[in-house]
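**Q**
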Amino acid sequence: MKRVPAHVHIQNFLIKYLLFLLIFFSFQMVHLIILPKLYLFLIPLFFTFIGVIADWIIVPKFHNIPSALMGSIFMGTTTYLIPIVFTDGQVPLLSTLLLAFFLGVVEISLHRLIVKPYLKKG
Numbered sequence: 001m002k003r004v005p006a007h008v009h010i011q012n013f014l015i016k017y018l019l020f021l022l023i024f025f026s027f028q029m030v031h032l033i034i035l036p037k038l039y040l041f042l043i044p045l046f047f048t049f050i051g052v053i054a055d056w057i058i059v060p061k062f063h064n065i066p067s068a069l070m071g072s073i074f075m076g077t078t079t080y081l082i083p084i085v086f087t088d089g090q091v092p093l094l095s096t097l098l099l100a101f102f103l104g105v106v107e108i109s110l111h112r113l114i115v116k117p118y119l120k121k122g
């Protein structure tokens, strides 16, 4: 695995967080999910931190699609359970599945664009 420059980690973090925010706010705007505004910022931030770390640990072991599938399942389950445990928000099951799908698409795309070039030997 090539040494990954710091700007790549920062780029990965920022793009991932902005796209996750966009997805969460879009779902909130069309009322597919109902969460307090603080959660709309914190949940994507939590997913971004875990995702950036997993990109360099999980993706090399399991490759792109299985890693993104694992991430989607984790993010969907977490998004579904957080309102039940911590707040009176609402995230219906169908919305959770759609949200997990879109978050997974972001993951697959970012793995291909940002992570994959550094996973090749050389």
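Going by the UniProt record's numbering, the sequence shown opens with residue 1, and the numbers climb by one from there. Yeah, the Cβ is synthetic: ideal placement off N, Cα and C, and Gly gets one too. All figures in this text were calculated on a predicted structure; none of them were measured in a lab.
Bridge partners of Ile34, per DSSP?
**A** Taking the sequence shown and counting its residues from 1, the one referred to as residue 34 is at position 34. Partner(s): Gln90.
**Q** Could you tell me the distance, in whole angstroms, from the CA atom of Leu103 to the CA atom of Thr78?
**A** The residue given as residue 103 occupies position 103 in the sequence shown. The residue given as residue 78 occupies position 78 in the sequence shown. One C-alpha to the other measures close to 12 Å.
**Q** Consult DSSP for Val52 and reduce its assignment to one of helix, strand or coil.
**A** Your numbering for residue 52 matches position 52 in the sequence shown. If DSSP states are grouped into helix, strand and coil, Val52 belongs with the helices.
**Q** In terms of residue numbering, what span does the alpha helix (DSSP H) encompassing His7 cover?
**A** As a position in the sequence shown, residue 7 is number 7, starting the count at 1. Here the alpha helix (DSSP H) through His7 covers 6-29.
**Q** For Gly122, which residues in the same chain have their Cβ closer than 7 Å to its Cβ, ignoring the five residues on either side in sequence?
**A** Reading the sequence shown from its first residue, position 122 is the one you call residue 122. Note that Gly122 scores a pLDDT of 47, beneath 50, so its modelled location is shaky; the value from the coordinates is reported in the next line. Cβ within range, chain order: Lys2.
**Q** Rounded to a whole number of angstroms, what is the C-alpha to C-alpha distance between Gln11 and Tyr17?
**A** Working through the sequence shown from its first residue, we reach residue 11 at position 11. Working through the sequence shown from its first residue, we reach residue 17 at position 17. Cα-Cα distance, rounded: 10 Å.
**Q** For Lys116, report the span of its alpha helix (DSSP H) as first-last.
**A** On the sequence shown, residue 116 is found 116 positions in, with the first residue counted as 1. 116-119 is the extent of the alpha helix (DSSP H) around Lys116.
**Q** Is there at least one non-hydrogen atom of the ligand MN closer than 8 Å to the beta-carbon of Pro44?
**A** The ligand MN is absent from the structure shown, which contains no ligands of any kind.
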